[in-house]
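Structure, as structure tokens:
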Amino acid sequence: MRSKPFSLPDSGPLLGVIYVLLWLALLPTQQPYWMLPFGLRFAALLIVPVRQWFWPLGLELAATVILDLRSGLPMGWETFIIGDLPEPLVMAIGLWLLRRVNLHASLRDPEEATRLLLSAVLVVVAVAATDAVLLALLHQSAAPAAMVRALGRELLGNYLGVLLVAPLSIMLLRARPNRKMVASLVMDGLLVMLPAMALLLMLSEHAAPQPEFARVLSLAPVLFFAFRHGWRGATLAMLISCLGMTAVDHQPGHAQSAAGYLFLAVAGTGALMLGAATDALRRSSERVAEQNVYLGAVNRRLDQLARQLRDAARGNLQAEENQRRHMAAELHDELGQNITAIQTHMKLAQVRLRQAGLDDISVSINTILGYMRRALHRLLDDLRPAVLDEFGLLRALDEGPIRDLLTTAGILFHTDMRGDPRLLDEDTRIAVYRLVQESATNAVKHAQASEFRLRLRIGERHGVVLALLDIRDDGVGLPSRLPRGGRGLQGMRDRVTSLGGLFRLRPDRQGVHLRVLLRGSMPSHEPGRLA
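Residue numbering for the sequence shown is 1 to 531, as defined by the UniProt record's numbering.
Right under this line is the structure:
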């Protein structure tokens with residue numbers, strides 16, 4: 001859970017008083033190689049709104065004048081303008097320009113961390129360059145080597161001051177860690193940072209090179225904290241390491257080493273960059289995880305909708321089959337019985353018609369009735385394949401009306417069927433028969449084929465009953481543009497989709513290749529049903 005940023009007081013005088021009190025508290029901590037008051041000023045100008053800069057800068061300058069007077073230093077306008085004013089003024093101008101080009105008090109990602117650290121370098125260099133020019137003007141007889149050493153100490157001290165104070169201020173005022181992060185930082189501090197500082201103090205009591213080795217070793221926890229806790233952990237670890245190095249330097253027999261603090265500045269810069277990258281990567285991983293959870297919920301919803309659509313389509317299919325069954329029964333009972341009754345009456349009337357010389361009328365009527373009966377049988381078979389109930393799926397496909405249709409059209413019919421159709425539910429068996437029936441009809445009407453091949457495999461895999469249907473012909477194939485209004489292929493596809501199957505239509509170089517995979521539920525066993 002992210003913590004809310006701390007809201008600064010809107011009162012400029014109050015901000016100025018708070019800043020000056022902190023500045024006075026840090027003033028005695030100044031070291032030759034790290035200047036915490038400089039870093040505090042940088043952090044204040046970075047965070048405080050520009051319209052309120054007058055109060056912290058004005059009160060700091062006033063406090064500086066008072067401290068100079070108390071120390072007995074000669075004061076005058078020239079001393080104030082040359083000695084006290086340039087550093088805050090140059091920093092204010094530099095940060096004002098940098099804030100106008102999108103500088104923010106943030107270390108949230110590597111880009112912002114790079115922008116902040118680069119801005120700190122630019123400001124430190126500008127201040128040091130200004131001081132160098134003033135020193136050269138005031139002390140023209142000073143040795144160049146001494147001025148270079150003083151300039152180097154100032155650059156390193158000011159940059160380390162910014163590196164130690166600015167990230168800490170941003171963390172406390174803009175990106176405070178939550179309780180869980182604080183607890184983790186404390187635990188790792190006790191387990192990692194405390195032993196590292198103890199090792200630093202222990203090795204510092206020996207002669208070289210142990211102290212130098214201890215300084216380098218003490219920076220390892222900084223990288224560890226950067227990896228584990230991001231830039232916040234790197235900030236705290238770097239501050240503790242710097243305090244430990246300072247404590248070692250104040251021991252008898254030890255002198256402050258610029259190399260150690262320079263290494264700290266380089267390592268601290270890299271640790272902040274690494275911490276910012278770690279935080280950005282962690283947030284990216286969290287966003288990816290959230291997106292995965294969201295996509296998982298969406299996929300589950302889509303699966304649910306797909307199941308509902310399949311159930312609705314299957315319900316429509318069952319309703320259609322029931323309607324077909326009802327219409328077939330009505331036609332069989334009504335129209336079929338009427339045709340039978342007419343044929344019976346015609347047989348009874350044949351003797352009278354023959355005696356009256358109307359035998360040709362009797363033959364014509366019987367012929368018409370025969371055509372009507374055959375047409376009725378074809379219509380009933382289209383509405384409800386009764387051959388399925390009589391022969392079962394495999395025999396209905398191999399010996400039923402489909403073979404008669406293809407044989408009558410002069411098309412060779414080859415079948416290769418394996419498996420137990422009783423594993424399939426009724427809807428799937430009807431779908432298989434309808435698909436083969438529609439494909440055979442298309443081959444007779446449109447394909448101009450000479451061969452029609454049917455391959456069917458029925459089995460069970462991982463508790464799911466599967467039916468694989470492979471249909472091919474050697475006809476002219478599909479046209480480049482299917483005719484408008486054609487419902488054959490679309491009806492086949494809808495039937496397969498309603499059962500949750502897969503429909504693949506592959507136009508071969510010669511003919512059409514149809515592959516269908518149907519998943520059926522295992523029905524209750526029906527005794528007496530033929531395969």
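Ideal Cβ placement from N, Cα and C applies to all residues, glycine included.
According to DSSP, is residue i helix, strand or coil?
| i | result |
| --- | --- |
| Ala467 | strand |
| Leu517 | strand |
| Trp53 | coil |
| Arg529 | Below a pLDDT of 50, predicted positions are generally treated as unreliable, and Arg529, at 42, falls in that range; no measurement from the model is reported. |
| Asp425 | coil |
| Gln355 | helix |
| Val48 | coil |
| Val148 | helix |
| Gly233 | helix |
| Gln304 | helix |
| Arg373 | helix |
| Gln448 | coil |
| Gln350 | helix |
| Gln437 | helix |
| Gln31 | strand |
| Val293 | helix |
| Leu219 | coil |
| Asn102 | coil |
| Leu36 | helix |
| Ser11 | coil |
| Asn442 | helix |
| Gly477 | coil |
| Pro177 | coil |
| Arg108 | coil |
| Gly419 | coil |
| Ala143 | coil |
| Pro385 | coil |
| Ser184 | helix |
In the DSSP output, which residue or residues are listed as bridge partners for residue i?
| i | result |
| --- | --- |
| His414 | Arg453 |
| Leu262 | Beta-bridge pairing links Leu262 to no other residue. |
| Ile82 | Bridge partners of Ile82: none, in fact. |
| Asp360 | Answer is none; Asp360 lacks a bridge partner. |
| Phe503 | Val516 |
| Glu460 | Val465 |
| Arg472 | Arg453 and His513 |
Assign residue i to buried or exposed, taking buried as 16 or more other Cβ atoms, counted over all protein chains shown, within 10 Å of its Cβ.
| i | result |
| --- | --- |
| Val20 | buried |
| Ala375 | exposed |
| residue 535 | Residue 535 lies beyond the residue range present for the chain, which begins at 1 and ends at 531; the question has no answer from this structure. |
| Ala62 | exposed |
| Ile240 | buried |
| Leu14 | exposed |
| Ser498 | buried |
| Arg506 | exposed |
| Glu320 | exposed |
| Glu154 | buried |
| Thr428 | buried |
| Trp53 | buried |
| Arg179 | exposed |
| Thr64 | buried |
| Trp96 | exposed |
| Gly410 | exposed |
| Met187 | exposed |
| Ala265 | buried |
How many whole angstroms separate the CB atoms of residue i and residue j, which I take to be in contact at a CB cut-off of 8 Å?
| i | j | result |
| --- | --- | --- |
| Trp55 | Gly16 | 3 Å |
| Leu164 | Trp34 | 6 Å |
| Arg227 | Thr278 | Reading off the sequence shown, one finds Phe at residue 227, where the question assumed Arg. 6 Å between Cβ atoms; contact. |
| Phe225 | Leu236 | 7 Å |
| Ala105 | Leu160 | Between Leu160 and Ala105 the Cβ distance is about 19 Å, and since that is not below 8 Å, they are no contact. |
| Ile339 | Leu380 | No, Ile339 and Leu380 are not in contact; Cβ-Cβ is about 12 Å, not under 8 Å. |
| Leu107 | Leu116 | 6 Å |
| Leu412 | Ile471 | So it is not a contact: roughly 14 Å between Cβ atoms. |
| Pro177 | Leu190 | Going by Cβ atoms, the distance from Pro177 to Leu190 rounds to 16 Å, so no, they are not a contact pair. |
| Gly275 | Gly315 | Actually they do not touch by this definition, with Cβ atoms about 59 Å apart. |
| Met372 | Ser362 | Actually they do not touch by this definition, with Cβ atoms about 16 Å apart. |
Does the beta carbon of residue i fall short of 7 Å from some heavy atom of the ligand FMN?
| i | result |
| --- | --- |
| Ala265 | Absent from the structure shown: the ligand FMN. Ligands present: none. |
When you compare the CB of residue i with every CB in chain D, is at least one pair closer than 8 Å?
| i | result |
| --- | --- |
| Ala247 | Among the protein chains of the structure shown there is no chain D, as only one such chain exists. |
Okay, do the stretch 404-418 and the stretch 448-466 touch, 3+ Cβ pairs below 8 Å being the bar? yes
Closer than 8 Å is the cut-off here; do at least three beta carbon pairs connect the stretch 145-157 with the stretch 300-317? no
Determine, using beta-carbon pairs with one atom in the stretch 353-362 and one in the stretch 382-400, whether at least three such pairs fall under 8 Å. no
Is the stretch 470-478 in contact with the stretch 275-291, if contact means three or more CB pairs nearer than 8 Å? no
Would you call the stretch 436-443 and the stretch 401-408 in contact, with 3 or more CB pairs under 8 Å? yes
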